[in-house]
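Worksheet: the structure to be examined is printed underneath.
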Amino acid sequence: MKYYNSKIGAQKFILSDVDSTNNFAAKLINDGLGGHGSVIMAENQTNGRGQQGSLWQSNSKLNLLVSLILSSTELSKVNPIHINWYISVCIIDFLKSKKISAQVKWPNDIIADSLKISGILIENKFAGSKLKSSVVGVGINVSQLTFNGLSATSMKLQTGENYSIDALLDDFIFHLNTNEYRIYLGQDEVLKDRYLSSLFGLNEERVFSSKSKSFSGKIVGVDDAGRLLVESNGDVLCFQNKEVQFL
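Residue numbers (the working numbering): 462 to 708.
Structure (structure tokens):
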């Protein structure tokens, strides 16, 4: 029997204000201060980032803003997309534990009632072709009630309950620890199955847009490069991030 001893959250950095928890985590790595499993949480981000330079909007002290450092020696064996699957599954499990049913909206959003409740930003560093470290940023809308016209929701809007951010951090770390071993011990197919079981639009006929053209199709999966697989007119089309939109 293989065993992996996870230590996520053994080192925590709790910040009042920071430009970006991912930036802070990257600096910790560069300065040799942030080891594997270090968790950074901020009450407020002044320049939180989403995918490809987009901004993450969050009101101060109302949401869970976290970055996780993964730098285990085992990481060199890991396909980077498996980290996305792992984090997505952890967020889904965390929200389910709070009685919130959520789905993964490819590539990096978590939605509840078709509204964004969480986002993921993963920034990897490589040594040659091998993964050396990964900074995983997660934002979960907790108590925010308005989103300036964005299609978003929060845990409080979903359940009506009040939450302690500190308690939620500990709960989220529990799920990070519970699932982490799957990345390293050959359980990537289990992660993939869990990920696909929560994938928004899987096997449903929908309208998509790519290169300013709309087409009908259905999502049939995600490949090991992280590309969305859409079946349309008998062909399976592969899309990278930003190459296709849901209509």
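For each residue, glycine too, the CB sits at the ideal point set by N, CA and C.
Between the beta-carbon of Asn524 and that of Ile601 there is about 6 Å, and that keeps the pair under the 8 Å contact cut. Boundaries of the alpha helix (DSSP H) harbouring Leu618: Met616 to Thr620, taken from the DSSP string.
Between Val479 and Gln506, the beta carbon gap of about 6 Å places them in contact (Cβ cut-off 8 Å). Residue pairing for Cys699: DSSP places it in a beta bridge opposite Leu690. Judged by beta-carbon spacing, Asn483 lies within the 8 Å limit of Glu584, meaning their Cβ atoms are closer than that value. Beyond the five residues adjoining it in sequence on each side, Ser558 comes within less than 8 Å, by CB distance, of Asp632 and His636 in the same chain, given in chain order. Within the segment 475–552, the complete beta strand (DSSP E) segments of 3 residues or longer fall at 500–506 and 524–531, listed in chain order. For Glu692, same chain residues with a beta-carbon under 7 Å away, outside a window of 5 residues either side, are Gly678, Lys679 and Val681 in chain order. Inter-segment contact for the segment 575–589 and the segment 469–478 is absent: fewer than three beta-carbon pairs are separated by less than 8 Å. In this model, Gly493 and Ala588 are separated by some 16 Å (Cα to Cα). When secondary structure is reduced to three states using DSSP, Ile644 falls in the helix class.
Relative to Ser615, the option among Val603, Asn609, Gly621 and Tyr624 whose CA is nearest is Val603.
A direct Cα-to-Cα measurement between Ile542 and Val597 gives close to 12 Å.
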